[in-house]
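*Asks:*
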Amino acid sequence: CLQAGDFDTGGIPYAMLFQQPDRFRALFPEAAERVFRRYRAYKRATGLLEYDDLAQRMLAGLRAGAADFVRLRTRYPLVIVDEFQDTDPQQWEIVRRCFHGHTPLVLVGDLGRLLPLGDIATFSAHVILGVGVGQHVLG
Numbered sequence: 012c013l014q015a016g017d018f019d020t021g022g023i024p025y026a027m028l029f030q031q032p033d034r035f036r037a038l039f040p041e042a043a044e045r046v047f048r049r050y051r052a053y054k055r056a057t058g059l060l061e062y063d064d065l066a067q068r069m070l071a072g073l074r075a076g077a078a079d080f081v082r083l084r085t086r087y088p089l090v091i092v093d094e095f096q097d098t099d100p101q102q103w104e105i106v107r108r109c110f111h112g113h114t115p116l117v118l119v120g121d122l123g124r125l126l127p128l129g130d131i132a133t134f135s136a137h138v139i140l141g142v143g144v145g146q147h148v149l150g
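Sequential numbering from 12 applies to the sequence shown in this note's numbering.
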């Protein structure tokens, strides 16, 4: 429940904006659109790239069939993804497209340590619990 003290300058709850952007978008859709539109414009104008931007660019290249990423398969004889419980669907698609079926993958995750971030926790639990035939889970 939001209280008057939760709002900073300009009437925007900045802690929620940065820590729970999906919740911010749901509760304040118009303000969210304005803030994120200005932020995207700022990033374009300054050439700023965040981790998610880099991941999106890499995934776009993989989806387009960029051959440069195929070299990763030969460069790494084994891939270990630690803290897999914190992996989001975009990160998993990158790992899967680069290595699955070509390079042994070791996914290290702990269901007891899932971050309470909604989609990430749900996704990671699904993948961890959905281990298929020929794969192993060490308890």
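Glycine included, C-beta positions come from ideal geometry on N, C-alpha and C. Quick caveat, the model's predicted, so the values are computed rather than measured.
1) For Leu70 versus Gln101, is the C-beta spacing smaller than 7 Å?
2) Buried or exposed for Thr98, please, with buried defined as at least 16 other CB atoms from any protein chain shown within 10 angstroms of its CB.
3) Under three-state DSSP, which class holds Val117?
4) Look up Ile91 in the DSSP assignment and give the residues it is bridged to.
5) The alpha helix (DSSP H) spanning Asp63 covers which residue range?
6) Using the Cα positions of Phe110 and Glu61, report the straight-line distance between them to the nearest angstrom.
7) Would a C-beta distance cut-off of 7 Å place Arg108 and Leu83 closer than the cut-off?
8) So which of Leu38, Ala77, Thr57, Phe39 has the shortest CA-CA distance to Ile105?
9) Thinking C-beta only, is Val92 closer than 7 Å to Leu65?
10) Give the range of the alpha helix (DSSP H) segment to which Asp33 is assigned.
11) What is the DSSP secondary structure of Ala26, reduced to helix, strand or coil?
*Replies:* Inspection of the coordinates gives the following:
1) yes
2) buried
3) strand
4) Val117
5) 62-74
6) 24 Å
7) no
8) Ala77
9) no
10) 32-38
11) helix
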